[in-house]
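I have placed the structure first, in the form of structure tokens, so that the comments after it can refer back to it.
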Amino acid sequence: GALDTGIDRSEDVLVAYPAPARPGAYDGLDNDAYYPQVLERIEALPGVERASVSLLKPGAGGGFRDVVARFGETADTAGVTATRSPVAPGFFATVGVPVAQGRDFEWRDNSGGARVTILSESLARRLFGRTDPLGQRVRVGVDPSREALEVIGIVADARLYNLKSPDVLAAYTPALQDPNPSYKCLVVRGNNVSLTALKASVESLGREQI
Numbered sequence: 005g006a007l008d009t010g011i012d013r014s015e016d017v018l019v020a021y022p023a024p025a026r027p028g029a030y031d032g033l034d035n036d037a038y039y040p041q042v043l044e045r046i047e048a049l050p051g052v053e054r055a056s057v058s059l060l061k062p063g064a065g066g067g068f069r070d071v072v073a074r075f076g077e078t079a080d081t082a083g084v085t086a087t088r089s090p091v092a093p094g095f096f097a098t099v100g101v102p103v104a105q106g107r108d109f110e111w112r113d114n115s116g117g118a119r120v121t122i123l124s125e126s127l128a129r130r131l132f133g134r135t136d137p138l139g140q141r142v143r144v145g146v147d148p149s150r151e152a153l154e155v156i157g158i159v160a161d162a163r164l165y166n167l168k169s170p171d172v173l174a175a176y177t178p179a180l181q182d183p184n185p186s187y188k189c190l191v192v193r194g195n196n197v198s199l200t201a202l203k204a205s206v207e208s209l210g211r212e213q214i
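Residue numbers (the numbering used here): 5 to 214.
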């Protein structure tokens with residue numbers, strides 16, 4: 005039978021894996037400018053409905069595992085281990101995961117923006133019970149930059165990375181706030197999208213090949 009992953013499959017969702025166009029292609033790359041530009045080009049292609057970016061490869065398992073705790077509480081007493089997934093604006097619409105409360109990431113959630121996170125419903129419930137999670141702060145992992153992330157949204161539980169795992173505890177963070185500029189994969193939703201056109205739209209910027 006079909007695996008219930010919590011994902012809407014009414015259209016095709018493609019995952020494209022970019023590699024540097026040449027050695028040093030990522031040097032001096034301005035994440036905040038590059039990713040809105042590349043996604044705008046992809047979304048202008050015929051058949052493309054939405055496009056986004058994920059630092060983790062959907063369906064490929066793995067992922068960052070971090071302890072998430074309410075801000076100010078020690079992890080050993082109140083922490084929950086969850087998948088941390090850096091994603092760009094539009095990711096949830098692209099993969100078909102509904103935003104249940106609050107908002108999606110926006111491009112202003114960039115390297116200079118306020119530090120924010122979006123939690124899966126199960127993780128929000130584990131951390132906050134019946135308390136409204138929006139506006140609360142959480143610590144995600146041990147990186148000082150993620151010590152007090154404001155919860156701006158809640159999304160439906162979905163098995164995006166390890167499809168066989170029942171674990172749906174996830175904390176999403178803005179891709180632009182992640183120090184790794186490269187190795188992000190492109191996620192594209194649409195009908196009859198031309199792979200040739202997709203390659204050309206990304207490669208025309210001179211930074212990446214597909």
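Glycine included, every Cβ here is placed at the ideal spot set by N, Cα and C.
Here Gln213 carries a strand assignment [DSSP, helix/strand/coil].
Taking a cut-off of 8 Å on C-beta distances, the region 192–199 does not touch the region 123–133, as fewer than three cross pairs fall below it.
If you compare the alpha carbons of Glu154, Arg26, Gln41 with that of Gly139, the shortest gap goes to Glu154.
Counting the other Cβ atoms within 10 Å of the Cβ of Tyr21 gives fewer than 16, which makes it exposed. Within the DSSP bridge table, the entry for Asp16 names Gly194 as partners. Per DSSP, Arg130 is one residue of the alpha helix (DSSP H) stretching across 125–132. Per the Cβ contact rule, the region 150–164 is not in contact with the region 35–45 (fewer than 3 Cβ pairs under 8 Å).
One thing to note: Ser149 has its Cβ no nearer than 7 Å to the Cβ of Thr98.
For Glu44, the closest of Gly100, Ala175, Ser205, Glu212 by C-alpha to C-alpha distance is Ser205. Judged by DSSP in its simplified three-state form, Ala86 adopts strand. In the three-state reduction of the DSSP assignment, Leu49 falls in the coil class. Taking C-beta atoms under 8 Å as the contact rule, Val191 and Phe95 qualify, at a distance of about 7 Å.
By alpha-carbon distance to Ala86, the top candidate from Pro93, Glu77, Ala73 is Ala73.
Assigned with DSSP and collapsed to three states, Val103 falls in strand. With 16 or more other Cβ atoms inside 10 Å of its own Cβ, Thr121 counts as buried. Among the bridge pairs identified by DSSP, Ile156 is matched with none. In this structure, the CA atom of Pro102 is about 34 Å from the CA atom of Ala25. Taken through DSSP and simplified to helix, strand or coil, Val206 comes out as helix.
With a cutoff of 7 Å on beta-carbon distance, Val144 and Arg107 are scored as not near each other. Sequence-distant Cβ neighbours of Ala152 in its own chain, meaning closer than 6 Å and more than five residues away, are Phe75, Arg141. The residue from Leu18, Val91, Glu125 with its alpha-carbon nearest to that of Pro183 is Val91.
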